[in-house]
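Protein chains: 2
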Amino acid sequence: MRIGVAGLGTVGVGVLKIIEQHGKLLSDRTGRNFEVVAVSGRSRTKDRGVSLDGMTWYDNAVDLASDPNVDMVLELIGGSEGVARDLCVAALEAGKPVVTANKALLAVHGTELARLAEKNNVPLAYEAAVAGGIPIVKAMREGLAANAISRVYGILNGTCNYILTEMEETGGDFAAILKDAQDLGYAEADPSFDVDGVDAAHKLAILTSLAFGTPVDFDSVYIEGIREVSAQDIAFAQEFGYRIRLLGVARRTEQGIEQRVHPCMVRKDTAIANVSGVFNAVVAEGDFVDSTVYEGRGAGEGPTASAVMADVVDIAAGRVSPTFGIPVDKMTDIPKIPVEEHVGCYYVRLSVFDRPGVIADISAVFRDEEISIESLLQRGRSPEEAVSVVLITHEVKEAALSRALEKIEAFDHSAARPRMIRIAKL
Amino acid sequence: MRIGVAGLGTVGVGVLKIIEQHGKLLSDRTGRNFEVVAVSGRSRTKDRGVSLDGMTWYDNAVDLASDPNVDMVLELIGGSEGVARDLCVAALEAGKPVVTANKALLAVHGTELARLAEKNNVPLAYEAAVAGGIPIVKAMREGLAANAISRVYGILNGTCNYILTEMEETGGDFAAILKDAQDLGYAEADPSFDVDGVDAAHKLAILTSLAFGTPVDFDSVYIEGIREVSAQDIAFAQEFGYRIRLLGVARRTEQGIEQRVHPCMVRKDTAIANVSGVFNAVVAEGDFVDSTVYEGRGAGEGPTASAVMADVVDIAAGRVSPTFGIPVDKMTDIPKIPVEEHVGCYYVRLSVFDRPGVIADISAVFRDEEISIESLLQRGRSPEEAVSVVLITHEVKEAALSRALEKIEAFDHSAARPRMIRIAKL
């Protein structure tokens, strides 16, 4: 099996190391030998700690697709457009199997690429695109193949989980912890892709398609990041028996599919709440298998390369699946439920001036929207400064809660925008 | 795909239900239709809640192998010998794929059956044999295929985990909780297969082979069940920050492979310690992927049938692997390390008469065996009754600890056999 590797960043280098170190293991498992015959990267001369001897160098990664010595293309460049996409299209059109770690590409162009793969009768595999080293794509597509999936959710971004865990452990604020994470290399210089929830949403869109046999639909994912999670929210969460995690949730209901990424309050005794630091975890719920949990490292050289190579091994051994578990023409279009329709319990933190009647006014708004309150906590007592009033609601439709919070924000005694965090029903 | 189902107990019935309820899903995923054409069970007339209409009935399950209408055989009878084994052999020899949920069969005759499957060029699959609905066999064999595995361990028996969790939550004794578990259907009338660790050892032997590419070797698994775990041990464990779990552990060291099933003290903050009730969980550690965790239901109609059908779907879609991940002739014989050679920390509970000098005598024995003590706790004070002395050791070879405990047991002031529980290094 002669491989062309496009992208010699962390993941590409990890792949070269596995092929170098585990040649015997890989050939024992598949009966085939693996050789990297061609590569493409940004700089030809950079020292990456692995040898590129004997490999053809391409300045333009797309040329890997037409190299007659390349049997399989690994796209490890990233990004939903440009070279990464062009290379995948060119390789599939040339009838060459493609393995990619590119979540953005799959989330945005997944269905169209799946169709192209089917048309050319070649596999398109992407285990590394979701939750790094955890073999969750395989589990969803093959391991749980006999189940109707009702929900899949999880911690899909290690950077956010690291930040939230650190905030919890140190009591620090988002900005300070983000800075630490950047210094430690756990967050990018431009962190927005991670902390604003986009990366998790890419992964969720892919999981949704795998879970429900529906075309990938990244645009309908509701996305809210973790920038507004405050040290105060984390402290209140603890008081109520919760931790805050950035979750991606895809759920099938009679009305359609919910797809949402946002901070969640999760009960401390759940598996998800106990996933700390840079780890990822995914929970998949099927009608026969019930709940299954998968946990591991969601990023990094070794884990991501491990997932890439699992795909390479599968393809070399002739184990292939339709890209999203079923062929594109068998997919079902399922309506997407907007987040306003979401029904759940909510944590609400209000910042108000502690004047007589303020609680009565707030309660009246909730009563008018028919929102019932499970608990209410007022912290601090200071006539001229803002104090926190924290509420946990019973189940309510999100649209009603949003209306209530708008009304409260307009109050004279409101000192800041109300803050709301959804409570996960796990 | 015409299927013959041998065994119409819980799992067999679950399989019939999946095929009945998910016909479209299964054919969308594979492009093939699934039909159960023949069955064999104990009683032809029993009402199982599923229809057997149109299926050929066999009193002798082995006859399924020679039915020309049967393309694939599901062996859901159980037991390492007799009909189950005969059927698998007959089906493989007839060139028919076999899917089984039979851990005992695989643990005892796995290598020989794998060889037979290879000789006849047909798949032998057994996802349901290890950890029920969790797709752990697939993860080990395919998802982590590019890794050298250093260790695989986990909670492999839901009955034991239920009993230990209940003992912890209620403070009850083993015998009483076992009785409850039997009443609730979580434990068999004859519980020995579960509570003495044999079932977990079967699964561990299979995982060991998958992890290290070595022939299955059930006989060299060290096995110790949970009958001797007392309410007192559980209370002391909590005091030291541990929980007690029955673990199966397979570990590769420079000397060889450790394979052991026994109660373990696990730190409360680990993923494994937070697995409660009838759930199973497996942790697999690879050199590139690092640590990955898999959790779910380890038994029951739905989860086990889900795993059986995952194998059926794979085979129907042409996705096959060598039985244990690599062909039998590529397997390596690796020496097994006896438990006496195990090096670790230990929890020791002594029951002694509280006389002057007793602690000095105990300490001297540990000193002579060069065992250093991390902490020591004496509970109770009663000159004429037995009191508990609890010790946590630093790392020591098990043989030395055993010698020390033998000496202590021979003391005049020993009131009962010393009790030892290994502390897991997770």
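Those protein sequences? They're chains X and L, same order as listed. Just so you know, we're using full-length UniProt numbering here: the first sequence kicks off at 1 and counts up by one. Just so you know, we're using full-length UniProt numbering here: the second sequence kicks off at 1 and counts up by one. Where a beta carbon is used, it is the ideal one built from N, C-alpha and C, also for glycine. None of the values given here were measured: they were computed from a predicted structure.
{"Check": "Can you check whether the C-beta of residue 5 of chain X is within less than 9 Å of a C-beta belonging to chain L?", "Outcome": "no"}
{"Check": "Thinking C-alpha only, which one of L:367, L:274 and L:354 is nearest residue 383 of chain L?", "Outcome": "L:354"}
{"Check": "Give me the chain X residues within the contact set of residue 50 of chain L, using Cβ-Cβ distance strictly less than 7 Å, ordered along the chain.", "Outcome": "Those do not exist, as residue 50 of chain L stays about 14 Å from chain X at its closest Cβ, beyond 7 Å."}
{"Check": "Starting from the beta carbon of residue 303 of chain X, find every residue of chain L whose beta carbon is closer than 8 Å, and list them in chain order.", "Outcome": "288, 289 and 290"}
{"Check": "At 7 Å on the CB atoms, spell out the chain L contacts of residue 437 of chain X, in chain order.", "Outcome": "In the structure as shown, chain X starts at 1 and stops at 426, and residue 437 of chain X therefore has no counterpart that could be examined."}
{"Check": "Between residue 40 of chain L and residue 60 of chain L, is the Cβ-Cβ spacing less than 9 Å?", "Outcome": "yes"}
{"Check": "Could you tell me whether the stretch 25–33 of chain L touches the stretch 325–337 of chain X, where touching means 3 or more Cβ pairs closer than 8 Å?", "Outcome": "yes"}
{"Check": "Look at the alpha carbon of residue 455 of chain X and the alpha carbon of residue 403 of chain X, and state the distance between them as a whole number of angstroms.", "Outcome": "The structure shown does not extend to residue 455 of chain X, since chain X is modelled only from 1 through 426, so no value can be given for it."}
{"Check": "Please identify the residue among L:70, L:107 and L:104 whose C-alpha is closest to the C-alpha of residue 90 of chain L.", "Outcome": "L:70"}
{"Check": "Where does residue 240 of chain X fall in DSSP's three states?", "Outcome": "coil"}
{"Check": "Could you name the residues of the stretch 311–322 of chain X whose beta carbon sits closer than 8 Å to any beta carbon of chain L, in the order they occur along the chain?", "Outcome": "312, 313, 314, 317, 318, 319, 320, 321 and 322"}
{"Check": "Which whole-angstrom value describes the C-beta separation of residue 103 of chain X and residue 202 of chain X, a residue pair presumed to lie in contact below a C-beta threshold of 8 Å?", "Outcome": "4 Å"}
{"Check": "So residue 144 of chain X contacts chain L; which residues on that side make the cut at Cβ distance below 9 Å?", "Outcome": "133, 135, 306 and 310"}
{"Check": "Between X:297, X:318 and X:274, which lies nearest to residue 280 of chain X when the distance is taken from Cα to Cα?", "Outcome": "X:297"}
{"Check": "With DSSP collapsed to three states, give me the class of residue 188 of chain L.", "Outcome": "coil"}
{"Check": "How about residue 146 of chain L and residue 305 of chain X: do their beta carbons lie closer than 9 Å?", "Outcome": "yes"}
{"Check": "Starting from the beta carbon of residue 350 of chain X, find every residue of chain L whose beta carbon is closer than 9 Å, and list them in chain order.", "Outcome": "Under the 9 Å cutoff, chain L gives no residues; its nearest Cβ is about 34 Å from residue 350 of chain X."}
{"Check": "Could you check what DSSP says for residue 367 of chain X in three-state terms: helix, strand or coil?", "Outcome": "helix"}
{"Check": "At which residues does the beta strand (DSSP E) containing residue 9 of chain X begin and terminate?", "Outcome": "Careful: residue 9 of chain X lies outside any beta strand (DSSP E) and carries neither H nor E."}
{"Check": "Looking at C-beta atoms only, is the number of pairs between the stretch 333–347 of chain L and the stretch 257–276 of chain L that lie closer than 8 Å three or more?", "Outcome": "yes"}
{"Check": "Any beta carbon of chain X sitting closer than 9 Å to that of residue 293 of chain L?", "Outcome": "yes"}
{"Check": "Going straight from the alpha carbon of residue 376 of chain L to that of residue 226 of chain X, what length do you get?", "Outcome": "46 Å"}
{"Check": "Under a CB-based cut-off of 9 Å, is residue 12 of chain L close to chain X?", "Outcome": "no"}
{"Check": "Answer with buried or exposed for residue 33 of chain L, where buried requires no fewer than 16 other C-beta atoms within 10 angstroms of its C-beta.", "Outcome": "exposed"}
{"Check": "Expressed to the nearest angstrom, what Euclidean distance is found between the alpha-carbon atoms of residue 409 of chain L and residue 417 of chain L?", "Outcome": "6 Å"}
{"Check": "Ignoring anything shorter than 3 residues, give me the beta strand (DSSP E) runs that lie fully in the stretch 125–187 of chain L, in order along the chain.", "Outcome": "149–155"}
{"Check": "For the alpha helix (DSSP H) holding residue 86 of chain L, just list the boundary residues, first then last.", "Outcome": "83–93"}
{"Check": "Quick one: Cα of residue 101 of chain X to Cα of residue 289 of chain L, how far?", "Outcome": "15 Å"}
{"Check": "By DSSP's criteria, residue 280 of chain X is part of a beta bridge. Which residues make up the other side?", "Outcome": "X:296"}
{"Check": "Under three-state DSSP, which class holds residue 46 of chain L?", "Outcome": "coil"}
{"Check": "State the start and end residues of the unbroken alpha helix (DSSP H) segment that holds residue 312 of chain L.", "Outcome": "301–316"}
{"Check": "In this structure, does DSSP put residue 255 of chain L in helix, strand or coil?", "Outcome": "coil"}
{"Check": "I believe residue 232 of chain L touches residue 349 of chain L by the beta-carbon criterion, under 8 Å. Please report the beta-carbon distance rounded to the nearest angstrom.", "Outcome": "7 Å"}
{"Check": "Please report the straight-line C-alpha distance between residue 308 of chain L and residue 128 of chain L, rounded to a whole angstrom.", "Outcome": "5 Å"}
{"Check": "Counting Cβ pairs, one atom from each stretch, are 3 or more of them under 8 Å apart for the stretch 92–99 of chain X and the stretch 70–79 of chain X?", "Outcome": "yes"}
{"Check": "Specify the secondary structure class of residue 108 of chain L as computed by DSSP and reduced to three states.", "Outcome": "helix"}
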